[in-house]
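Q: Please see the structure below; I have some questions.
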Amino acid sequence: MHPSFRFFMPWISLLLLLSLSACGGRPKAVFTELEDKDPVDQLIRLEQDLEVARQARLDVLSPNNFANAEALFLEAQSLLKRERDLSEILLKITTGRVELQRAEQTAQIAHAVLPDVIKVRELALSAGAAELGQDFLAAEERFLRLTRAIEANNLDLAQRDKAKVFNAFDQLELRAIKERYLGETRRQLEQIMTNRAVRQTPLALAEAQKKLDEADAYINNRRYQSEDIRRKADQALFFTRRLQQVLVSTEMLRSQAPEQNVLFIEGLLHQTAEQLNLSDQRDRPFEGQMEGILTAIASNQQQGQDQLLEIAALESTIIELQQRIATLEGTTLEERAARQQLAEERRFQRLFSQVQDLFSAEEADVYKQEDRLIIRLKTMNFAVGQSVIEVQNYPLLSKVQQAIALFGQPRAIIEGHTDSTGSAQTNLALSLQRAEAVRSYLIANGTLPEEKIEAIGYGSSRPLASDLTAEGRAMNRRIDVVLIPVAP
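Quick note: the sequence shown uses our numbering, first residue 7, plus one each step.
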C-alpha cells in the first residue's frame, strides 16, 4: 500500500461511518442558526444548544469537544459580564459552536461504531446502575475512553475494547435489576443470618434461601419479564419474613417447658375450633383436631358457594324488580341510574371525609381527583438513594391500610416521585423501587391482593414545587397512594 494512501485511510473510514450513521436514522442534536451578531443573543443561543447537545448525550459521546464548547461558553459569559471587547466575545461563541458541531459529528460516528454499547449503557442507567457506585463509575470511565478514542480518530482502539465495555454495562444492568427486586430480601436474610439462633431453623432457612436463589437465577435468564420477576421476588421476601417468624417462635418455644409448648399449640387449635362453632376437641390428638377443623372449613366453603348461587339469582330478581318499580313510578332506568350515581357520590364523599380524619395535616394531604382519592404521604421518608422502608414509616403505612380498608377492595396505584437531583434515569429507577417497596409492604400485610395494586415510578417528571429550594425538593420527594373505588 502506498504511504500516502495509508495516511488518508482513517479519514476515509471517518467519512464512511458518518454516512452510515446518517442513513441509520440516529438521533441528532439540532442547533439553532445565528441571525445577528448581538453577543447576548448569541450567548443565549449557545447555552440552548449546549442543553440540546446534553439531551442528545453529546457530553459522553464526544466528551472532549463538548467540554471545550462548554468552557468557551463560560469564558464568553465571563467576558460579557466584564464588558470586554465584543469581537473577543463573538470569537469565543463562534469557536464554541464549532466545537459543538464537531461533537455532533463524533456522536454520529460513535452511534455507528458503538451502537450496542450505547444501547446497553442506556438500559443499565434505566435499571438504576448508577446507584452501584464505583463499579458503575469504572464502566463509565471505560466508555468515555472509547468515545475519546473516536474523537482522536483512533477507531481501532474503540473497536478493540468495545466488547469489554458492553459486558461491563450488561452485568451492571443485571446487578441493578437484582438490586431493585431482591435487594431488600437479600439484606433482610443477611441480617437474620447474623443471629446465631438461626442454626435452630435449618429447614425454614433453606427454603428462604432456595426462593431467593430461584428468583436470582430467573433474573439471569429473563431480566425483562418484570411481572414474573416481581412474583418470584415477592415470594422470596415472603419466605424470608416467614423465616424471621419461625426464628422468633423457635426461640420462644425453646425457653418454655415441653408442657407449655403443647398447651400453647392446643390453645391455637382450640381457638380456631371455637370460631367454627365446633365442640371441644382437646381430648383428641392434634392431627384429629386439625382434621375436624379442615372438615368444618370445607363445609363452610360449600355453603358459601351455594350462597353465591343464591345471591346471583337474587341479583337477577332485583334487576327485574327495579324495572317494574321504574314503570310504576313513571321513571326510566336511566333516571334510577342517575339516582344510584348520586348515592355512590355521597358514599365517596363520606369515605373521603373518614380518610381525611385518619391523617394529620403534617402526615398527608388527602384530596379527590374525579373518581379517585389521592393520599399524598408527606412524611414517608427513605434514606438517600435507598428504597428500604424504615421502621418509623410503619405507623403511617398502617393508616394507609386503614384508609384502603374503608373502601373494601379498591384498585390502588402507588406512585413514586423524586426531585430533579441526579440523572433522570436514576431518579426514574429510584422512584419505581420506592413505589415497589410500598406495594410489597401492603401485599405482605394482607391489605390487598397483588392484582389489585400496582406501582409506578415517575422520577422527577411531576414536581409539585421548584427544585431550586430545599423545601421544594422535599415536597417533590414523595409517595402518592391513589385509590380507585369499586362500586358496592
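Backbone N, C-alpha and C fix where the C-beta goes; we use that ideal spot for every residue, glycine too.
1) Count the other CB atoms, across all protein chains shown, that sit within 10 Å of the CB of Leu188; report buried if there are 16 or more and exposed otherwise.
2) Once the 5 residues before and after Glu457 are set aside, which same chain residues still bring their CB inside 8 Å of it?
3) Could you please give me the residues that DSSP links to Val487 through a beta bridge?
4) By DSSP, does Val492 sit in helix, in strand, or in coil?
5) Measure the C-alpha to C-alpha separation of Gln311 and Ala304 and round it to an integer number of angstroms.
6) Rank Asn160, Arg90, Leu249, Glu185 by C-alpha distance to the C-alpha of Gln197 and give the top, closest one.
7) Mapping DSSP to helix, strand and coil, what is Phe14?
8) In whole angstroms, what separates the C-alpha of Ala221 from that of Ala450?
9) Looking at C-alpha atoms only, which residue of Arg417, Leu474, Ser426, Asp377 is the closest neighbour of Glu460?
10) Starting from Glu460, trace the alpha helix (DSSP H) both ways and give me its first and last residue.
11) Mind checking if Ala370 is an interface residue toward chain D, Cβ cutoff 8 Å exclusive?
12) Given a threshold of 16 other Cβ atoms within 10 Å of its Cβ, counted over all protein chains shown, does Asn71 qualify as buried or as exposed?
13) Nearest by alpha-carbon distance to Gln177: which of Leu243, Leu150, Lys168, Ala145 is it?
14) Taking the alpha-carbon of Ala239 as reference, which of Thr453, Met199, Ala169, Ser446 has the nearest alpha-carbon?
15) Figure out for me which residue from Val268, Arg356, Leu152, Arg202 has the closest Cα to the Cα of Ala169.
16) Please work out which residues of its chain come closer than 8 Å, Cβ to Cβ, to Val123, disregarding the five sequence neighbours upstream and downstream, and give them in chain order.
17) On the three-pair Cβ rule with 8 Å, is the stretch 246–262 touching the stretch 196–211?
18) Quick check on DSSP: helix, strand or coil for Ala476?
19) Nearest to Pro291 by CA position, among Ala82, Val268, Phe365, Ala62, is which residue?
20) With 16 other CB atoms within 10 Å as the buried threshold, where does Thr453 fall?
21) How is the alpha helix (DSSP H) around Tyr400 delimited, first residue to last?
22) Taking all protein chains shown into account, do 16 or more other C-beta atoms lie within 10 angstroms of the C-beta of Arg127, making it buried, or fewer, making it exposed?
23) Mind reading off the beta-carbon distance from Ala409 to Ile381? Whole number of angstroms is fine, and I expect it under 8 Å.
24) So, helix, strand or coil for Tyr447, using DSSP?
25) Which whole-angstrom value describes the C-beta separation of Leu78 and Gly102, a residue pair presumed to lie in contact below a C-beta threshold of 8 Å?
26) The alpha helix (DSSP H) with Ala59 in it runs from where to where?
27) Assuming contact is defined by CB atoms lying nearer than 8 Å, are Ala130 and Glu179 in contact in what I supplied?
28) Going by Cα to Cα distance, which pick from Val394, Tyr230, Asp289, Ile462 is closest to Glu190?
29) Buried or exposed: which applies to Met258, given that a residue is buried once 16 or more other Cβ atoms fall within 10 Å of its Cβ?
30) Opposite Gln309 in the DSSP bridges: which residues?
A: On the basis of the coordinates in this document:
1) Your numbering for residue 188 matches position 182 in the sequence shown. By the 10 Å Cβ count, Leu188 comes out buried.
2) Stepping through the sequence shown from its first residue, residue 457 is reached at position 451. Only residues of its own chain outside the window of five on either side were considered, and among them none has a CB closer than 8 Å to the CB of Glu457.
3) Within the sequence shown, numbered from 1, the residue matching residue 487 stands at position 481. In the DSSP output, where bridge partners are listed per residue, Val487 has Ile381, Ile420.
4) Walking along the sequence shown from the start, residue 492 turns up at place 486. Coil.
5) Position 305 of the sequence shown, counting from 1, holds the residue named residue 311. Position 298 of the sequence shown, counting from 1, holds the residue named residue 304. If I take the Cα positions, the gap works out to 11 Å.
6) As a working mapping, residue 197 is identified with position 191 in the sequence shown. Selected option, being the one with the closest Cα: Leu249.
7) Taking the first residue of the sequence shown as 1, we reach residue 14 at position 8. Bear in mind that the predicted position of Phe14 carries a pLDDT of just 39, short of 50, making it too unreliable to give a figure here.
8) One-based indexing of the sequence shown puts residue 221 at position 215. One-based indexing of the sequence shown puts residue 450 at position 444. In a straight line, the C-alpha of Ala221 is about 17 Å away from that of Ala450.
9) Within the sequence shown, the letter at position 454 stands for residue 460. Ranking the options by Cα distance to Glu460, first place goes to Arg417.
10) Against the sequence shown, residue 460 aligns to sequence position 454. Glu460 -> not in any alpha helix (DSSP H); beta strand (DSSP E) instead, spanning 459–463.
11) Among the chains in the structure shown there is no chain D, since it carries only a single protein chain.
12) In the sequence shown, residue 71 corresponds to position 65, counting from 1. The residue is buried, with at least 16 neighbouring Cβ atoms inside 10 Å.
13) Within the sequence shown, the letter at position 171 stands for residue 177. Here the closest residue by C-alpha is Ala145.
14) Sequence index remark: in the sequence shown, residue 239 carries index 233 (1-based). Out of Thr453, Met199, Ala169, Ser446, the CA that lies nearest to the CA of Ala239 is found in Ser446.
15) Indexing the sequence shown from 1 puts residue 169 at position 163. Ala169 has its Cα closest to that of Leu152, out of Val268, Arg356, Leu152, Arg202.
16) Residue numbering aside, residue 123 sits at position 117 when the sequence shown is read from its first letter. For Val123, the CB contacts under 8 Å within the same chain, skipping 5 residues up- and downstream, are Phe149, Leu152, Lys168, Val171, Phe172, Phe175 in chain order.
17) Taking a cut-off of 8 Å for Cβ pairs, the stretch 246–262 and the stretch 196–211 touch, as three or more such pairs fall below it.
18) Position 470 of the sequence shown, counting from 1, holds the residue named residue 476. DSSP places Ala476 in helix when its eight states are reduced to three.
19) Sequence index remark: in the sequence shown, residue 291 carries index 285 (1-based). Checked all of Ala82, Val268, Phe365, Ala62; the closest Cα to Pro291 is Val268.
20) Working through the sequence shown from its first residue, we reach residue 453 at position 447. Buried, by the Cβ-count rule.
21) On the sequence shown, residue 400 is found 394 positions in, with the first residue counted as 1. Where Tyr400 is concerned, the enclosing alpha helix (DSSP H) starts and stops at 400–412.
22) Numbered from 1 along the sequence shown, position 121 holds the residue referred to as residue 127. Classification of Arg127: buried, given that the 10 Å Cβ count is 16 or more.
23) Locating residue 409 in the sequence shown gives position 403, where the first residue counts as 1. Locating residue 381 in the sequence shown gives position 375, where the first residue counts as 1. Right, their Cβ atoms sit about 6 Å apart.
24) For the purposes of this step, residue 447 is taken as residue 441 along the sequence shown, with counting starting at 1. Tyr447 falls in the helix class under three-state DSSP.
25) As a working note, residue 78 is residue 72 in the sequence shown. As a working note, residue 102 is residue 96 in the sequence shown. Right, their Cβ atoms sit about 4 Å apart.
26) Against the sequence shown, residue 59 aligns to sequence position 53. 45–61 is the span of the alpha helix (DSSP H), which, as asked, contains Ala59.
27) Here residue 130 is taken as the residue at index 124 of the sequence shown, counted from 1. Here residue 179 is taken as the residue at index 173 of the sequence shown, counted from 1. Yes, these two residues count as a Cβ contact at 8 Å.
28) Reading the sequence shown from its first residue, position 184 is the one you call residue 190. It is Val394 whose Cα lies nearest to the Cα of Glu190.
29) The residue labelled residue 258 in the question sits at position 252 within the sequence shown. By the neighbour-count criterion, in which 16 or more other beta carbons inside 10 Å mark a residue as buried, Met258 falls on the exposed side.
30) Numbered from 1 along the sequence shown, position 303 holds the residue referred to as residue 309. Answer is none; Gln309 lacks a bridge partner.
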